[in-house]
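S.K.: If you count the sequence shown from 1, position 235 lands on 235 in the UniProt record's numbering, and the numbers rise without skipping.
Backbone N, C-alpha and C define an ideal beta-carbon position, used for all residues, glycine too.
Below is the structure I would like to discuss, written out as structure tokens.
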Amino acid sequence: MTRPEQSVDPVQTQQFRQLIAQRKQGHPVAHLTGQRGFWTLDLQVTPATLIPRPDTELLVELTLSKLKSGMSIADLGTGSGAIALALASERQDVQVIATDISAQALITAKLNAFQNQLQQVSFIRGQWLAAFAARSLDLIVSNPPYIEDTDPHLGQGDLRFEPRTALASGADGLDDLRVIVSQAAQVLRPGGWLLTEHGYLQSAAVQALFASSGFIEISAHQDFGGRDRVVMAQLPL
């Protein structure tokens, strides 16, 4: 014990035992503590949101490299708000809009914005880019669902306790990415950028989706483990 002079009451003892039991069942530590660090932020996470992963910080780094003052950018499927809030924490001179279809996820994201004093971020409930007018954004970033529906990993580890709608996307894992890329080609302004995370075996397929929707300057980027993780491309001027 770190404080031997401090007694533990029965309620605290029971709560501690419950946490141990949940961890033995495989519940993610982030769900048990309700916290997860991402970028320079401390974020609250719940079972209604995806737990932010370090690899997604690559998406933040690449997005920051494309930002210019006054840009309007959207983070699609924001979950806990990790990407949107990380961007807003670094650039106060851009407009950041975060979207999610989940009302519970947006509650968590808004709370994280408040606790990190990043209330300049706007939040919209909606499916991907359905709420945006044509040619209204300069940059779109997303870590969408990209796991195949039948992937056995969905029943293993932390994934068992995260929202399936934030993880799985059809037979090949690309259903949501198809929608995002197609819609982005209509919503981005000429010269705008689209950046998406994907599975490490999906880079070629995602690049093909970008190309088929008219994007140029298509590039693939690797995560900290050297695996393909992000595709980035530009809409022609």
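Mapping the DSSP letters down to three states, classify Arg164 as helix, strand or coil.
M.R.: Start at 1 with the first residue of the sequence shown, and residue 164 comes out as number 164. Looking at Arg164 - three-state DSSP - the assignment turns out to be helix.
S.K.: Note the first and the last residue of the continuous alpha helix (DSSP H) segment covering Ala48.
M.R.: Locating residue 48 in the sequence shown gives position 48, where the first residue counts as 1. No alpha helix (DSSP H) holds Ala48; DSSP gives it neither H nor E.
S.K.: Between Ala88, Gln104 and Arg164, which lies nearest to Ala74 when the distance is taken from Cα to Cα?
M.R.: As a position in the sequence shown, residue 74 is number 74, starting the count at 1. Closest option to Ala74, Cα to Cα, is Ala88.
S.K.: Quickly, what does DSSP pair Ile140 with across the bridge? List them, please.
M.R.: The residue you call residue 140 lines up with position 140 of the sequence shown. Partner(s): Ala74 and Leu194.
S.K.: Between His221, Gly173 and Ala233, which has its C-alpha nearest Phe215's C-alpha?
M.R.: On the sequence shown, residue 215 is found 215 positions in, with the first residue counted as 1. Checking every option, the nearest Cα to that of Phe215 belongs to Ala233.
S.K.: For Gln183, name the three-state secondary structure that DSSP assigns.
M.R.: Your numbering for residue 183 matches position 183 in the sequence shown. Helix at Gln183.
S.K.: Decide if Met1 is buried, meaning its Cβ has at least 16 other Cβ atoms within 10 Å, or exposed.
M.R.: The residue labelled residue 1 in the question sits at position 1 within the sequence shown. Note that Met1 scores a pLDDT of 44, beneath 50, so its modelled location is shaky; the value from the coordinates is reported in the next line. The residue in question, Met1, is exposed, as its Cβ has fewer than 16 Cβ neighbours within 10 Å.
S.K.: Would you identify the three-state DSSP class for Ser122, choosing helix, strand or coil?
M.R.: Against the sequence shown, residue 122 aligns to sequence position 122. Three-state DSSP puts Ser122 in a strand.
S.K.: Of the choices Leu235, Ala205 and Val187, whose alpha-carbon is the least far from that of Glu217?
M.R.: For the purposes of this step, residue 217 is identified with residue 217 of the sequence shown, where counting begins at 1. With distances taken between Cα atoms, Glu217 lies closest to Leu235.
S.K.: With DSSP run on the structure shown, which of helix, strand or coil describes Val60?
M.R.: Position 60 of the sequence shown, counting from 1, holds the residue named residue 60. For Val60, the three-state secondary structure derived from DSSP is helix.
S.K.: If you compare alpha carbons, which of Thr40, Ala109, Ala131 and Val60 is closest to Leu195?
M.R.: Along the sequence shown, one-based indexing puts residue 195 at 195. Ranking the options by Cα distance to Leu195, first place goes to Val60.
S.K.: Tell me the residue span of the beta strand (DSSP E) that contains Ile218.
M.R.: Residue numbering aside, residue 218 sits at position 218 when the sequence shown is read from its first letter. Run containing Ile218: Ile216 to Gln222, per the beta strand (DSSP E) assignment.
S.K.: State the start and end residues of the unbroken beta strand (DSSP E) segment that holds Ala233.
M.R.: Numbered from 1 along the sequence shown, position 233 holds the residue referred to as residue 233. Counting along the chain, the beta strand (DSSP E) containing Ala233 begins and ends at Asp228 to Gln234.
S.K.: Is Ala30 near the ligand ATP, in the sense that its beta carbon is under 7 Å from a heavy atom of that ligand?
M.R.: Absence of the ligand ATP from the depicted structure is noted, as is the absence of any ligand whatsoever, leaving it without description.
S.K.: Check for me: the beta strand (DSSP E) holding Phe114 runs from which residue to which?
M.R.: Translated into positions along the sequence shown, residue 114 becomes position 114. That residue, Phe114, is in no beta strand (DSSP E); its alpha helix (DSSP H) goes Ala103 to Gln115.
S.K.: If I follow the unbroken alpha helix (DSSP H) through Leu32, where does it start and stop?
M.R.: Within the sequence shown, numbered from 1, the residue matching residue 32 stands at position 32. Taken as a continuous stretch (DSSP letters only), the alpha helix (DSSP H) holding Leu32 covers Val29 to Thr33.
S.K.: In whole angstroms, give me the CA-to-CA distance for Gly155 and Gly70.
M.R.: Within the sequence shown, the letter at position 155 stands for residue 155. Within the sequence shown, the letter at position 70 stands for residue 70. The alpha-carbon atoms of Gly155 and Gly70 are separated by roughly 43 Å.
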